[in-house]
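**Student:**
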Amino acid sequence: MVFARGTADKPGVGFTGRQFVTALKKRLPGKTVSVYAVNYPASWNFSKSTSEGAVDANKHVQYVAAVCPRTKIVLGGMSQGAGVIDLITVGNRIIWFFKPAPLPDKMVNHVAAIAVFGNPSRDISSLGPLTKISPLYGSKAIDLCATGDPYCSSGNNFFAHFAYPWNGMVNEAATFAAGRVLGTQN
């Protein structure tokens, strides 16, 4: 799994990422789930930070695909981290002032699933969820936005943005991703 934490989270996968990893592992008994935390600042300088994260995530996905070609990769991100994942999976599509770092097309068969939470790209210029804006990866994605989350919708409930581990959406995403890894979810 490659997961990008949200803005200002400490290095690692962040709280939502940890909950997602735990939920995914429970749904993949007997499978090895390795986790890579995208190495990027997750700072308030969104353009620079997100672009750096996209470059790091892209390099890691290509590395894993080259070294372990049979590995099924799950991508994930929370908030700004969801934007990182967008930038590697939407092709050369420009998202506002963010520079994409698209994965080569040949990586599509290595990525089993994508799960993003509180994705700001949903609300930027009304682009919509990753499931709609990514021609190659959209069908492999689940893009979750909590009711009222101001970062991915026109909501005004700041607390909704941090509720993913408790509102059932982390479990929903883990079930989706596990199904894609196991080949039981289309």
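Residue numbers (my numbering): 957 to 1142.
Built from N, CA and C at the ideal position, the CB exists for glycine as well.
1. Excluding sequence positions up to five away, which residues of its chain have a Cβ less than 7 Å from the Cβ of glycine 1084?
2. Just reading off the beta strand (DSSP E) that alanine 1068 is part of, what are its end residues?
3. Among Tyr992, Pro985, Tyr996, Phe976, which has the Cα closest to the Cα of aspartate 965?
4. Comparing C-alpha positions only, which one of Ala1057, Asp1042, Ser999, Arg1136 sits nearest to serine 1090?
5. Answer with buried or exposed for alanine 1022, where buried requires no fewer than 16 other C-beta atoms within 10 angstroms of its C-beta.
6. Where serine 1005 and alanine 993 are concerned, what is the direct C-alpha to C-alpha distance, given to the nearest angstrom?
7. Would you check if the distance between the CB atom of phenylalanine 1002 and the CB atom of alanine 1038 is smaller than 8 Å?
8. Considering only C-alpha positions, which residue in the set Ile1029, Val991, Ser990, Asp1012 is nearest to proline 1056?
9. Starting from the C-beta of asparagine 1127, find all residues in its chain whose C-beta is less than 8 Å away, skip the five residues before and the five after it, and write them out in chain order.
10. To the nearest angstrom, report how far apart histidine 1117 and phenylalanine 976 are at their CA atoms.
11. Return the residue from the list Val1064, Arg1026, His1016, Phe1054 that minimises the CA-CA distance to leucine 1092.
12. What is the DSSP secondary structure of tyrosine 1107, counted as helix, strand or coil?
13. Determine the extent of the beta strand (DSSP E) in which valine 1030 is found, giving its start and end residues.
14. Sort Ser999, Lys1028, Ala1010 by Cα distance to aspartate 1096 and report the nearest one.
15. Buried or exposed, going by whether 16 or more other CB atoms sit within 10 Å of the CB of threonine 1140?
16. Could you check whether serine 1035 and threonine 963 sit closer than 8 Å to each other, using their CB atoms as the reference points?
17. The beta strand (DSSP E) that contains leucine 1100, what's its start and end?
18. Which one or two residues does DSSP pair with tyrosine 992 in a beta bridge?
**Tutor:** Taking the structure as given:
1. Arg1078
2. Segment 1067 to 1073, the beta strand (DSSP E) holding alanine 1068.
3. Closest by alpha carbon: Tyr996.
4. Asp1042
5. exposed
6. 14 Å
7. For phenylalanine 1002 and alanine 1038, no; Cβs fall outside 8 Å.
8. Asp1012
9. Ala979
10. 15 Å
11. Closest option to leucine 1092, Cα to Cα, is Val1064.
12. coil
13. 1029 to 1034
14. For the record, residue 1096 in the displayed sequence is lysine; it is not aspartate. If we check each option's Cα against that of lysine 1096, Lys1028 comes out closest.
15. exposed
16. yes
17. 1097 to 1100
18. BP columns for tyrosine 992 point to Val958.
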